[in-house]
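Trainee:
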Amino acid sequence: MKKYFISLLLLMSVHVVLAQDEEVQKFREATDNSKSGNYKEVLSNLFQLGTSNLTGPNKSVEFNSTLYGIKSIFCDSITTDKVFSEQKFSRNLEFNTKLNFDEQFNYKGFSGGITYALINQRDKDVANFKDTDLYKNLQFFNNQSSEIQFGFVNDLTKIHDDFVDELTKTGDKELSAKIEAINIAASILINKEFDKIEELSKSNIYFDKIITEFENRNKSINLKDYITKINKLRKEEYSNLEKKALWTVSLNGTTNDKGNNQKLTFGTVFLQGLKRLELDIRSNLIYSDTLIEKSVQRLELRNCAGLNYKMYKRNEQSVFEIKLYMEYNSILKNQLPDEKKNSFLASSDFRLRVTKDIWIPLTIKYDIEKSNFLGFLNVTYNFGKEDKNKLENK
Amino acid sequence: MKTIKVKVRISGGLAPVPIKVEIKNVDTREEIEYESPTSFNQDFNIESGRYTLQLFGMNPINGKTEIEVSGSFTRGPFHNAKRVTAKPFITELFYFEI
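Chains as they are written, first to last, in this note's numbering: chain A, 1 to 394; chain B, 1 to 98.
1) Name the two residues that bound the continuous alpha helix (DSSP H) containing S90 (chain A).
2) Can you check which of these residues, A:I190, A:L175, A:T363, is closest to Q139 (chain A) by C-alpha distance?
3) Going by DSSP, which residues form a beta bridge with P361 (chain A)?
4) From the DSSP output, in three-state form, read off K43 (chain B) for me.
5) Would you tell me roughly how many angstroms separate the C-alpha atoms of R122 (chain A) and S39 (chain B), rounded to the nearest one?
6) So that I know if they touch, is there some Cβ in chain B lying closer than 8 Å to that of I205 (chain A)?
7) Measuring only the C-alpha atoms, how far is R353 (chain A) from D43 (chain B)?
8) Which residue's Cα is closest to the Cα of L241 (chain A): A:S85, A:I119, A:E94, A:F89?
9) Let me see if you follow: with CB-CB separation under 8 Å, is R122 (chain A) close to chain B or not?
10) Below 8 Å CB to CB, which residues in the same chain sit around S36 (chain A) once its five sequence neighbours on both sides are set aside?
11) If I follow the unbroken alpha helix (DSSP H) through N204 (chain A), where does it start and stop?
12) I'd like to confirm the pairing. Which residues does DSSP put opposite K24 (chain B) in its beta bridges?
13) Quick check on this structure: which residue in A:D131, A:K235, A:F141, A:M326 has the alpha carbon closest to the alpha carbon of L223 (chain A)?
14) Identify the contact partners of E33 (chain B) in chain A, using a Cβ-Cβ distance below 8 Å as the criterion.
15) What do you get for M326 (chain A), buried or exposed, if any count of 16 or more other CB atoms within 10 angstroms of its CB means buried?
16) DSSP puts F78 (chain B) in a beta bridge; with which residues?
17) Using a Cβ-Cβ cut-off of 7 Å (strictly less than) and excluding sequence neighbours within five positions of L93 (chain A), which residues of its own chain qualify?
18) What residue from A:L362, A:T355, A:L336, A:P337 has the CA that sits closest to S348 (chain A)'s CA?
19) Enumerate in chain order the residues of its own chain whose CB-to-CB distance from F396 (chain A) is below 6 Å, with the five nearest sequence positions on each side excluded.
20) Is it true that the CB of I221 (chain A) sits closer than 8 Å to the CB of N137 (chain A)?
21) Below 8 Å on the Cβ atoms is my guess for K87 (chain B) versus E68 (chain B); work out the distance and round it to an integer in Å.
22) Span of the alpha helix (DSSP H) holding G69 (chain A)?
23) Where does D289 (chain A) sit, in a helix, a strand or coil, going by DSSP?
24) Is the CB of R234 (chain A) under 8 Å away from at least one CB in chain B?
25) Along the region 11–33 of chain B, where does the CB come closer than 8 Å to a CB of chain A? Name the residues.
26) Kindly list, in the order they appear in chain B, the residues whose Cβ is closer than 9 Å to that of I197 (chain A).
27) Taking 8 Å as the threshold (beta carbon to beta carbon), is K88 (chain A) in contact with chain B?
28) Could you give the C-beta distance for N96 (chain A) and G112 (chain A), rounded to a whole number, given that I count them as a contact under 8 Å?
29) Could you name the residues of chain C that K82 (chain A) contacts, counting a contact when the two beta carbons are closer than 7 Å?
30) Mind checking who S250 (chain A) pairs with in its DSSP beta bridge?
31) By DSSP, does Q272 (chain A) sit in helix, in strand, or in coil?
32) Can you name, in chain order, every residue of its own chain whose Cβ lies under 6 Å from the Cβ of F94 (chain B), other than the five neighbours on each side?
33) At which residues does the beta strand (DSSP E) containing S239 (chain A) begin and terminate?
34) Quick one: give me the first and last residue of the beta strand (DSSP E) that F320 (chain A) is part of.
35) Would P37 (chain B) and P60 (chain B) be called neighbours here (beta carbons separated by less than 8 Å)?
36) Cβ of N59 (chain B) less than 8 Å from any chain A Cβ?
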């Protein structure tokens, strides 16, 4: 069975790598980097393939994708903006599947489900900055840049006209090279690639010319400072999107190796940023079959509400987060002996991002009624997503 | 009158600000402006002469923009007629004679 497991893993890896062109890979990287651990639990982006607990007793292979991600395998034109804008439903509908194995790589069952974002105001791919300071400042820069570049071309064509008889193919080449030099200088400047300027300005006079001409026209403005401001405004606009509302509903099921239903979960998550905090409300209705000695069907309701605080960010990536929340859990049907029907807990998660894909979450719970502390330390390898059932498993 | 065609294809998301095209006659300084929030394939009718064509905008955060300028040119477009950019801010300059 072990070789089937490894073959399956390899097959899925190859499939996903082939399916995702460079652009799609870039999609995932850029979006995942900026998400908090809290957000990543809720909705994946395109493809996520992962394994968990490969060295532990319970192993699994996961594949998650949005409907849009699957469609993009078969249809290249789907990324074009006009088609993309029509794919709202596809982009907000996620599938997740998981094959579970035991220590000996024997198949133990299947988990699968769907998540749909009823409200998703965090989608950076559809951001609109038209009515922002960013746009106003960019328009000012572009107007200035347009006039400056036009002036340079005007000067160039005059020089060439003086030698019009000598204009040969070589003349075209020279003019073309100068147009390219102007274009490169303008692009590098507005995109704040200042580290390239020193090297390139030895062969391209237009960096200095654009800066000098801009600052002559606008005596009180330092061009590099102005460009830094525009780039900062862009970052802020994207960062503000992370604070917008996200509301998802999901349905997940788990079967055993014989295909019998073991667990069915209907869940909902609502996230809303509040300055540096994030309101986080979750509710899960869980139907499960214990199948320990005999089949016992249980129905549980698990709710939690709290605030997530992104304490520290490095390179636009959230690296340390604290989540404080209250949990209210209730067994609606078939509570076990010695099990409380209702429990009320005050809990906190401390999450430290060690690398891009590894979070170390420490969970501390306080049983309000029994005045007991409970602690859990997990290490999660994250192929772009944390364990969605983490709250349920605690 | 001559016709030039400007084809712009944005992919990987939506452009956060409209794409702006400016076509300026180098000698008369006459100017045509065009704006679009999405991809476009637009014809422009212009007199014979020497022109700059500039294009400004922003790419989607994970996207790119392909630009193609075509027509019956006597020179150019310089430095080339087809461009692709994935940089956050788009500024593209073309020069042609028609």
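Beta carbons are placed, not taken as given, at the ideal position from N, Cα and C, and that holds for glycine.
In this text, all values refer to a predicted model and were calculated from it rather than measured experimentally.
Mentor: Reading off the structure:
1) On the first sequence, residue 90 (chain A) is found 90 positions in, with the first residue counted as 1. Residues 88–92.
2) Against the first sequence, residue 139 (chain A) aligns to sequence position 139. Nearest option by C-alpha distance: A:I190.
3) Locating residue 361 (chain A) in the first sequence gives position 361, where the first residue counts as 1. According to DSSP, P361 (chain A) bridges with A:R351.
4) One-based indexing of the second sequence puts residue 43 (chain B) at position 43. The sequence given here has Asp at residue 43 (chain B), not Lys. Three-state DSSP puts D43 (chain B) in a strand.
5) One-based indexing of the first sequence puts residue 122 (chain A) at position 122. One-based indexing of the second sequence puts residue 39 (chain B) at position 39. Whole-angstrom Cα-Cα distance: 23 Å.
6) Position 205 of the first sequence, counted from the start, is the residue given in the question as residue 205 (chain A). So no, I205 (chain A) is outside the interface.
7) Your numbering for residue 353 (chain A) matches position 353 in the first sequence. Your numbering for residue 43 (chain B) matches position 43 in the second sequence. Rounded to the nearest angstrom, the two C-alpha atoms are 52 Å apart.
8) Counting from 1 along the first sequence, the entry for residue 241 (chain A) is found at position 241. That would be A:I119, whose Cα lies nearest to the Cα of L241 (chain A).
9) Within the first sequence, numbered from 1, the residue matching residue 122 (chain A) stands at position 122. It does not; no Cβ of chain B falls within 8 Å.
10) Mapped onto the first sequence, residue 36 (chain A) falls at position 36. Residue confidence is low: S36 (chain A) scores 48 on pLDDT, short of 50, so the model does not pin down where it sits. Its coordinate-derived value is still stated next. Correct list, in chain order: E242, E278, N308, K310, S318, E321.
11) Stepping through the first sequence from its first residue, residue 204 (chain A) is reached at position 204. It is not in any alpha helix (DSSP H) - N204 (chain A) carries neither H nor E in the DSSP assignment.
12) Reading the second sequence from its first residue, position 24 is the one you call residue 24 (chain B). DSSP, once it has assigned bridges, lists B:E31, B:T52 as partnering K24 (chain B).
13) Against the first sequence, residue 223 (chain A) aligns to sequence position 223. The shortest Cα separation from L223 (chain A) among A:D131, A:K235, A:F141, A:M326 belongs to A:F141.
14) Taking the first residue of the second sequence as position 1, residue 33 (chain B) is located at position 33. By Cβ distance, chain A contributes nothing, its closest Cβ being about 10 Å from E33 (chain B), past 8 Å.
15) Here residue 326 (chain A) corresponds to residue number 326 of the first sequence, with the count starting at 1. By the 10 Å Cβ count, M326 (chain A) comes out exposed.
16) Indexing the second sequence from 1 puts residue 78 (chain B) at position 78. Paired residue(s): B:Y95.
17) Position 93 of the first sequence, counted from the first residue, corresponds to residue 93 (chain A). Hits under 7 Å: T66, L67, I114, Y116.
18) Counted from its first residue, the first sequence places residue 348 (chain A) at position 348. Looking at the Cα atoms, A:L362 is the closest of the given residues.
19) With chain A represented from 1 up to 394, any question about residue 396 (chain A) goes unanswered, as that position is not in the structure.
20) Taking the first sequence and counting its residues from 1, one reaches residue 137 (chain A) at position 137. Taking the first sequence and counting its residues from 1, one reaches residue 221 (chain A) at position 221. Not closer than 8 Å, so no.
21) Your numbering for residue 87 (chain B) matches position 87 in the second sequence. Your numbering for residue 68 (chain B) matches position 68 in the second sequence. That pair is no contact at about 18 Å.
22) Residue mapping note: residue 69 (chain A) aligns to position 69 of the first sequence, counting from 1. 67–74 is the span of the alpha helix (DSSP H), which, as asked, contains G69 (chain A).
23) As a working mapping, residue 289 (chain A) is identified with position 289 in the first sequence. Strand.
24) Here residue 234 (chain A) corresponds to residue number 234 of the first sequence, with the count starting at 1. It does: the Cβ of R234 (chain A) has a partner Cβ on chain B nearer than 8 Å.
25) S11, G12, G13, L14, A15, P16, V17, P18, K20, E22, K24, V26
26) Within the first sequence, numbered from 1, the residue matching residue 197 (chain A) stands at position 197. The contacting residues do not exist; I197 (chain A) stays about 15 Å from chain B at best.
27) Translated into positions along the first sequence, residue 88 (chain A) becomes position 88. Not closer than 8 Å to any Cβ of chain B, the Cβ of K88 (chain A) fails to qualify, so no.
28) For the purposes of this step, residue 96 (chain A) is taken as the residue at position 96 of the first sequence. For the purposes of this step, residue 112 (chain A) is taken as the residue at position 112 of the first sequence. Contact flag correct, Cβ pair sits at about 7 Å.
29) The structure shown contains no chain C; the protein chains it does contain are A and B.
30) Here residue 250 (chain A) refers to the residue found at position 250 of the first sequence. DSSP, once it has assigned bridges, lists A:T115, A:G267 as partnering S250 (chain A).
31) To locate residue 272 (chain A), count along the first sequence from 1; it is residue 272. In the structure shown, Q272 (chain A) sits in a strand (DSSP, three-state: E or B).
32) Counting from one through the second sequence, the residue named residue 94 (chain B) turns up at place 94. Result list for F94 (chain B): L53, V69, P77, in chain order.
33) Numbered from 1 along the first sequence, position 239 holds the residue referred to as residue 239 (chain A). First-last for S239 (chain A): 223–241, but that is the alpha helix (DSSP H), not the beta strand (DSSP E).
34) One-based indexing of the first sequence puts residue 320 (chain A) at position 320. Looking at the DSSP string, the run of the beta strand (DSSP E) that includes F320 (chain A) is 317–333.
35) Mapped onto the second sequence, residue 37 (chain B) falls at position 37. Mapped onto the second sequence, residue 60 (chain B) falls at position 60. No, these two residues do not count as a Cβ contact at 8 Å.
36) Start at 1 with the first residue of the second sequence, and residue 59 (chain B) comes out as number 59. Chain A, which has no Cβ nearer than 8 Å to the Cβ of N59 (chain B), makes this no.
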